[in-house]
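A.B. asks: Read in our numbering, the sequence shown has 1044 at position 402, and its numbers run on one by one without any break. Handing you this structure, nothing more for now.
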Amino acid sequence: MNGRVDDSFTAVIGLEVHVQLQTRSKIFCACELDPHAAPNTRVCPVCLGQPGTLPVLNRQAVRLALRLALACGCEIAPLSSFARKNYFYPDLPKGYQITQYAFPLARGGALEVDTPGGTRRFPLERMHLEEDAARLVHEGKGPVRIDFNRCGTPLVEVVGAPALHTPEEAAAYLRALRRLVRWLGVSDGNMEEGSLRCDANVSVAPTLADRPGRRVELKNLNSISGVRAALHHEIARQTEVLRRGGRVEFETRSFDAAAGVTRPMRSKEEASDYRYFPEPDLPVVELSPSELEDIGALLPELPLDLHRRLVRQWGISAEEAEVLVEERALAEYFQAVVAEGIDPPLAAHWVVGEVLHLRKERGGSMESFPVEPRRIAGLLRMLERREISTAAAKKVLVHMAATADEASSLVRRMGLQLLDDEGELEHLVDAVLLENEGLVEKYRKGKGGLAGYFVGQVMQASGGRADPQRVEAMVRRRLDEGGRQ
Ligand code: ADP
Ligand code: MG
Ligand code: ZN
């Protein structure tokens, strides 16, 4: 499905994403943030909303939110402030949420997203800081319990402009945002665990109408595929309502992932329902130009910029570059290998292939990967100098992961130096052809594909030490000579 549901209707989507910031403590008190702590063990009078307590803003939360805002090219407000959003719910002990309303931290900017049609910049409306509410724990039919550990967790809300048109664009936007917050060290970006929570606003209107339709807000979307499925369903539902001449209600609907449908939750609140007013207990957030400059100076090269550089400057394939920029630690590992003097495409090939494969087998993060860039560079250098074959290098890498040894000493100890003695190679080729007389016959009768089989046999006989290209040339030469005799 594309934005045009059919030719006569077009969908408009805007996402509101809450990103949990990776600070040590909560946004307005000193309680530790620990998603694995036992329920209600990370609480204090401030985050429990007891009267007479005063919030104090965690500057690290501001710095992390600014990292994201600067990376998206937002306009940062030199002065921003907090407000109280008043409503009653059991997860909100104070009876109001402290959030930024009239004066958010940042406005504008855009999220750069790679789409099948090329890189696109989806505009943002604003980014603001706020506190999270407690977590309601529903266990079967028992009573609902409340874990206040999450209360006061710092969030930055990223409000996207209504500029997306398809569920697929929305999914790509979320993937890009998740990668960016992880890349910047702003959040772990884990949607299933709620560190990234998305509400999707969607409206459908006749394609020729000059105004968008009435929007519906979708909640309970806890995975990217959930967002996509919910939007598909909701766009189809709204289209059907309009086609029958009906009216779409301005409401909040909840996505039931199991049933794959959205259901009405409540009619949408208007801002006035929340009786927003300035938070009297917190001073205005002031940002000096030098503070902003410092944060900007610490920003790493962004994933899409790095991707472009890897492809254009270093000649790496777009697909391999895509894998490398998915994770900052991986991109850094790769760049460290190149810094050792290894040809970038060769390094990319090995990092995306063997290194990732080995890491997956072993589990664990890139930081704890046992073969340091310097050591794998030693191995790749032997490969570049044609001192070992690719097959042998793969074997050596596995041993390097299990030991602290250098490639060169392992190669020597394992006897894996490239077999390049012409006589020895010829001997292996002859032996394989002699053993396979029947197949040689078939080859000569036109089954050219069998050459690959002979090469494989010779490679195996050499213990993976021969250069397969050279072996192939020798095999073909020998077979074709024979044919002419
Ligand atoms: P609220 O908190 O009431 O949801 P916000 O201003 O915080 O309001 O969020 C508005 C969100 O709705 C933005 O992400 C915006 O892109 C989106 N939006 C606004 N108008 C439309 C529309 N007509 N169709 C789809 N999304 C819309
Ligand atoms: Mg909303
Ligand atoms: Zn606290």
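The beta-carbon is built from N, C-alpha and C at its ideal position, and this holds for glycine as well.
Report all residues from its chain with a CB closer than 8 Å to the CB of W956; omit the five preceding and five following residues, and keep chain order.
C.D. replies: V980, P986, P987, A990
A.B. asks: Along the chain, where does the alpha helix (DSSP H) containing G1065 start, and where does it finish?
C.D. replies: DSSP places G1065 inside the alpha helix (DSSP H), whose first and last residues are 1064 to 1077.
A.B. asks: Taking the DSSP output, what are the residues bridged to Q739?
C.D. replies: K727
A.B. asks: What does a CB cutoff of less than 7 Å around S667 pick up in its chain, not counting 5 residues either side in sequence?
C.D. replies: C673, E674, L675, N700
A.B. asks: Check whether the Cβ atoms of A973 and L948 lie closer than 8 Å to each other.
C.D. replies: In this structure, L948 lies closer than 8 Å to A973 by Cβ.
A.B. asks: Would you say the beta carbon of L599 is closer than 7 Å to some non-hydrogen atom of ligand 1?
C.D. replies: Past the boundaries of the shown model lies residue 599; the chain is included only from 643 to 1127, so the question cannot be answered.
A.B. asks: Quick check on G782: buried or exposed, where buried means 16 or more other Cβ atoms within 10 Å of its Cβ?
C.D. replies: exposed
A.B. asks: How about H770 and L747: do their beta carbons lie closer than 8 Å?
C.D. replies: yes
A.B. asks: Note down the Cα distance separating G691 from P720, rounded to an integer number of angstroms.
C.D. replies: 29 Å
A.B. asks: Is T741 buried or exposed, if buried means 16 or more other CB atoms sit within 10 Å of its CB?
C.D. replies: buried
A.B. asks: Assuming V800 and V659 form a contact by the criterion Cβ under 8 Å, report the distance between their Cβ atoms to the nearest whole angstrom.
C.D. replies: 5 Å
A.B. asks: Step through the CB atoms of chain B and report whether any lies within less than 8 Å of the CB of E717.
C.D. replies: No chain B appears in this structure, which consists of one protein chain only.
A.B. asks: Assuming C686 contacts L766 under a Cβ cut-off of 8 Å, what Cβ separation, rounded to an integer in Å, is found between them?
C.D. replies: Not confirmed; about 34 Å, so no contact.
A.B. asks: When the distance is taken between beta carbons, is C793 closer than 8 Å to P735?
C.D. replies: yes
A.B. asks: Give me the residue from S1051, L819, S1010 with the minimum Cα distance to Q662.
C.D. replies: L819
A.B. asks: Measuring CA to CA, which of G1106, A1046, P925 is closest to E1029?
C.D. replies: G1106
A.B. asks: DSSP puts T1032 in a beta bridge; with which residues?
C.D. replies: In the DSSP output, where bridge partners are listed per residue, T1032 has none listed.
A.B. asks: What's the gap between the Cα of F651 and the Cα of S896?
C.D. replies: 23 Å
A.B. asks: To the nearest whole angstrom, what separates the beta carbons of L1025 and A713, a pair I think is in contact under 8 Å?
C.D. replies: In fact, because the Cβ distance is near 37 Å, the residues do not count as touching under 8 Å.
A.B. asks: Just checking P804 against ligand 1 - is the residue's beta carbon closer than 7 Å to any of the ligand's heavy atoms?
C.D. replies: yes
A.B. asks: Taking only runs of the alpha helix (DSSP H) that begin and end inside the stretch 765 to 853, which ones reach a length of at least 4 residues, in chain order?
C.D. replies: 809 to 825
A.B. asks: Between the alpha carbons of A872 and A803, how many angstroms are there, rounded?
C.D. replies: Their Cα atoms are separated by approximately 19 Å.
A.B. asks: Quick check on DSSP: helix, strand or coil for I669?
C.D. replies: coil
A.B. asks: How big is the Cα-Cα spacing for E1114 and V1038?
C.D. replies: 23 Å
A.B. asks: Please classify E835: is it buried, with 16 or more other beta-carbons within 10 angstroms of its beta-carbon, or exposed?
C.D. replies: exposed
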